[in-house]
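Report on the structure given below.
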C-alpha cells in the first residue's frame, strides 16, 4: 500500500491540521511513542523539523521562534520526562507570553493505566505551565484537538498549549482533519479605559507608565516616546520578550533589576499606570528590602495586561493626552576604536555596536554581563533584544536556534550567554551546526556564577567559606568553549583581549552560519 | 558577630539536622534564593557538596549515590525551574525506589504571592514525583521538617522527598534543630504470606517468580538461586536499580525488553509470583502486541512490592520450599584475546570482562548497546549494574557522579552511555573532573538514536523518509566526544578498532580519576 493510498492516521491528521493553521516549524526530540508523528512529519513538507539533542533546546527554540515569527511552532516531546526536560524553558516562554504548541507523546490509551516505567502524570506535571491542555483520546479527534491547541496558544494572552497524543491515537487509521483555526487577536483596550487613564495622568503630579509586550517594538515604541514627551515617566519592565533598540528609536528606561534601585527610579511617583504588564515586584526578596515596587500611596491604573494590544492602546493614549507627534529618539552613538586591553562586557558591547548588522536579533542569557552590553549597544545599529523573561537560565542558545529558523537567513542572530547559563543547554550548538543557522554565540567566560557572588553579598548570607566559594565558581576545571563548540560542529575562537575580540567578532559576523566566541572576561 | 556566635539560621538548622540524620553528600546547583543554604553548607563539614552545572546531573547523582550507599543524599535545586531541570532523573529515581531528599529553594513566604518571574507552583509540579512534600513555613520548623523529609525518603517504599525552603525560612535567625530520625526498614513479609506462596508454588505445574529490589544483590541472589534450583522459573525485571553479577553468582534471567519475547519467556507459566515488583507490563505499547505480560489464565501471587525486604522473604521462601542449599552459579568466563576488527558492543563487553576490576559499579545508560555488554560480562569479575529504571535517558553519567562519591575511591565506576543519552547531561563530565572521581565513561558512538530505528520498524510506522531519518540520526555533524570531554577537563580517547579499544580501556581503567572513551561502533 503506497503512502498516498493509506487511510489517514491520527498523527497525520494532527500534523496536517497544524500545517493548515500555519505551523511551519517543529523542534523535536522524539521517542518510541512518537514514531508515527515522526513519519507523519515526513509526509508534511510544509513543516521544517529540527532535531534537538535535549528537550530544553526544543522548547527554548519554540519560544525564540514565536518571539520573532509572532506565531507558534510545535515542539515534539517524549512522554513526561521529555516534557520535564523541556519545562524550564517553557516556564520562560510562559513568562514571555509566547504561543507554543507542545505535542507530547504518551503511551497508548489502553497502556496508560498499567504504570509502565515511562508512565507519569503528564497532565498533572504540565498543568502549572499550561494555558491549555488536551488529550487526543482517539484518532478521530486528532485534527480537531490540534486546531484547538493552535487556537488556544493564542489566548489571549498567548501561552503554552499542551497536546497529549497517546500512541494509538497517533497510529490508528481513521484520523479526521479539522478546519484550520485562526489565533485570536489580542484585545483592544476600551475607549473608556483610554479616557480614564488619560484623565488620571493629567491629574497626577508625577505620572508614570510601566509597559511590556508589543509596546516595545514598532509602532508601540513611537507611541511610548510621544507619551514620554508629554511628561510621563516611562519604564519598560526589566525583562521583556522583544525589545526594538538602536539609533533612531525611542528608548524607554528599564525598571532596574535590583529592588532598591527600582524604588529610587519610581521615587515621588503618584500614579503608576501599567500596560501589557502588572504592577512591579522585586525579582527576589532580600532581607529588609521591599518586594512590591509601586510607591506606597501612589494611585494605580492599568490599560490592561498581556492580553491587550498595548501598542494600539498607547497610540490612542498619546492622542488623548495631546502628546507631541514624536518623542526623543536615541542618537547614533559611535565608540572609539578598540584597543588592546583586557576584555570585559563594555568592550564586547562596543564591538557589537561597531559590527553587528542592522536588524540583528540578540538573544539574552547574559546574566551579569547583560546590562553593560545593553548600554553600549543602545545607540548602535537597530536590532531586537529577546530578553530573559522567566529567570530560568539556559535559554540563550536554544532561543537563538528558534529565532534563526524564524529569521530564515534574513537576519543575523547573536546569542549572549553567560558561561554558567550556556552550559545548561550546550546541546543547542549541535542544532545550530546541523541546521547551518546564521548565528554567532558569545559566551561570557567569567568562569563563575558571578551573579551569585553579587547576590551572596546582597542577601546578607555572609562571606563565603571554601564550600560556598566553590559552589559559585566554574573554574577548576575551566570550561574550554572552543572545544565544546567544535565538538558539536561549530567553529569557535577564544579571546581575552578587546582588540582581538573586536577583529574576531567582525570576522565571525561576516560568516553566514554558526560561530562561537569564548570571551574570557 | 563571628559565625560561632550567630544565632542559628533556618538554613543551618536544616542542614545540620540532615547531617545528624546521616546525610553526607549534597549535589547542588544553587541560585539567589539558596545563598543561605550554601553558606550553611560551609558551616557543616560532615556534608560533601558537589557542584553540578545542570540540575539533571545533581538529581541523577543523588539517585546513583542512594543505590550505592543505601541512604539518601540531598540535592539543592533553585525554585521551580531548577526542580524541572532535574525532574527527569527524579522520575528514574522514583522508579528505582531510591531515597532522595530534594531541597528546593523558594521565594520568601511573603514574596510568593507576588508572582515574580521565577515563581511557579512548585508543589503542583513536584506532586507527581513525590513520596512526600513539605514546606518550611518558618525558621523554627526548619530542623523538624528536615528530619521529617529524611525519614519520608525511606518510605517504605523509598522515594523522593521534596523539602521546599522559602528564602526567609532559610535566612531568619531562630532556627531550631530537630532530633535526628532514622529511616524506616522495609517491611518483612508475614509468615502467612510466605507459607501461602510456598503452597501455591508447590501446587503449580510451572511456577514462576519475578523479582526486583534487594533480591538482586547478596544475600537475595543466593536465595533466588536456591529457589530456581527448586524448580521455579526465575526472572528479574528487565530493569533494576542494582544487580550484582559476575562469576560465582547466581544470575537470574531478565524478562526480555520486547513484549513478544517476554511472552515467550513466560509461555506455559500457570503461576506468577512477584516480589519487590508488580506484574509485568510492556515498556511501550505496539500495535497488535500485548501490553500485559502475565500469561492469561495464570494464577497471580505476591510476596510484596517495593516496600518489602525481598531478600529476607526469598530466604524464608527457599527454606519453606525445602530448596537446595545452593543454586547454580555463573561459571567464570574468559574471552579470547582481542583482535583488530571493527568495534561493536560485543567486543566492548569482552574488553570490560577482561579488564574491569572486581566490584566495579556499572551505570547503564547504554540503550541499544546494553544487552550485548551485559551478556559479555556475565561471567566476568563480580560487579554491580545500576540499571535504567524509568526510561528517561541521560542518567548514566550523572548516576556515575553519585556512585563514585558513594564509592569514595574504593570501587571503580564505569558509565555505559549511548551517545544520544550522554548528550542529555554531558555537563556531568565537568563534575567528574572537578571532584576527580574514579570513573571511566564509555560512549557508544553509533551516531544515531539507534533504538528508535529499531522501534520505528516495530511500531509499524513505516519506512522513514528523509525527515524521519534525520530525526533519528546524530550524524551531520558527528559529535566529537574527545573534544567534549576535554572541554570539561576529562581526558579522553577515540577508538573504532576492537584491539585498540581493548588496550585503551585497560590503560584508562588503571588511571585513578575520570576518563572517557568514545567507542565508534
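Residue numbers (this note's numbering), protein chains in the order written: chain A, 6 to 526; chain B, 6 to 526.
For each residue, glycine too, the CB sits at the ideal point set by N, CA and C.
| Query | Result |
| --- | --- |
| Secondary structure of residue 438 of chain A, DSSP reduced to three states | helix |
| CB contact flag (residue 434 of chain A, residue 402 of chain A, <8 Å) | yes |
| C-beta neighbour in chain A for residue 247 of chain B, strict 8 Å | no |
| Separation of residue 30 of chain A from residue 53 of chain A, as counted between CA atoms | 5 Å |
| For residue 195 of chain A, the residue or residues it bridges with in DSSP | Paired residues: none, contrary to the question. |
| Assigned secondary structure, residue 450 of chain B (DSSP; H/G/I helix, E/B strand, else coil) | strand |
| Neighbouring residues, chain B, relative to residue 244 of chain A (Cβ below 8 Å) | 122 |
| Same chain, Cβ closer than 6 Å to residue 526 of chain B, five either side skipped, listed in chain order | 348, 349, 449 and 451 |
| Residue 70 of chain B: contacting residues in chain A (beta-carbon distance under 9 Å) | Under the 9 Å cutoff, chain A gives no residues; its nearest Cβ is about 18 Å from residue 70 of chain B. |
| Assigned exposure category for residue 455 of chain B - 16 Cβ within 10 Å defines buried | buried |
| Reduced DSSP secondary structure (H/G/I, E/B, other) of residue 150 of chain B | helix |
| Inter-residue CB distance, residue 315 of chain B and residue 230 of chain B (contact presumed, cutoff 8 Å) | The pair is not a contact, with the Cβ atoms about 14 Å apart (cut-off 8 Å). |
| Residue nearest to residue 361 of chain B in terms of C-alpha spacing, selected from B:372, B:390 and B:371 | B:390 |
| Those runs of the alpha helix (DSSP H) which lie wholly inside the stretch 204-261 of chain A and span at least 4 residues | 225-234 |
| C-alpha gap between residue 150 of chain B and residue 313 of chain B, whole angstroms | 26 Å |
| Cβ neighbours of residue 9 of chain B in the same chain (closer than 6 Å, five flanking residues each side left out) | Note on residue 9 of chain B: pLDDT 36, under 50, position unreliable in the model; no value is reported. |
| Of the listed residues B:506, B:145 and B:139, nearest to residue 447 of chain B (C-alpha basis) | B:506 |
| 6 Å Cβ shell around residue 123 of chain A - same chain, five flanking residues per side excluded | 84 |
| Near-chain B residues of the stretch 295-306 of chain A (beta-carbon distance less than 8 Å), N- to C-terminal order | 296 and 297 |
| Assigned exposure category for residue 6 of chain B - 16 Cβ within 10 Å defines buried | Any reading at residue 6 of chain B must be qualified, since the residue scores a pLDDT of 29, below 50, and its modelled position is unreliable; the value itself is stated next. Per the 10 Å Cβ criterion, exposed. |
| First through last residue of the beta strand (DSSP E) which encompasses residue 522 of chain A | 520-525 |
| Contained alpha helix (DSSP H) runs [length at least 4] in the stretch 140-184 of chain A, N- to C-terminal order | 147-158 and 172-176 |
| C-beta neighbour in chain B for residue 366 of chain A, strict 8 Å | no |
| Where residue 87 of chain A falls: helix, strand or coil (DSSP) | helix |
| Cutoff 8 Å: residue 488 of chain B Cβ touching any chain A Cβ | yes |
| Neighbour-count burial assignment, residue 269 of chain A, 16 or more Cβ in a 10 Å radius | exposed |
| Contact with chain A by residue 10 of chain B, beta-carbon distance below 8 Å | Unreliable placement is indicated for residue 10 of chain B, whose pLDDT of 37 sits below 50; no coordinate value is reported for it. |
| Residue 55 of chain A - containing beta strand (DSSP E), residue span | 53-56 |
| Which of helix, strand or coil DSSP assigns to residue 464 of chain A | coil |
| Where residue 240 of chain B meets chain A, residues with beta-carbon distance less than 8 Å | Within 8 Å Cβ-Cβ: nothing; residue 240 of chain B doesn't reach chain A, min ~16 Å. |
| Nearest candidate by alpha-carbon position, reference residue 372 of chain B, set B:330, B:97 and B:421 | B:421 |
| Assigned exposure category for residue 515 of chain B - 16 Cβ within 10 Å defines buried | exposed |
| Residues near residue 465 of chain B in its chain [Cβ-Cβ closer than 7 Å; skip 5 each side] | 292 |
| Environment of residue 88 of chain B [buried if 16+ CB atoms lie within 10 Å] | buried |
| Residues within the stretch 270-296 of chain B neighbouring chain A, beta-carbon criterion of under 8 Å | 283, 286, 287, 288, 289, 290, 292 and 296 |
| is_contact[residue 222 of chain B, chain A] using C-beta, thresh 8 Å | no |
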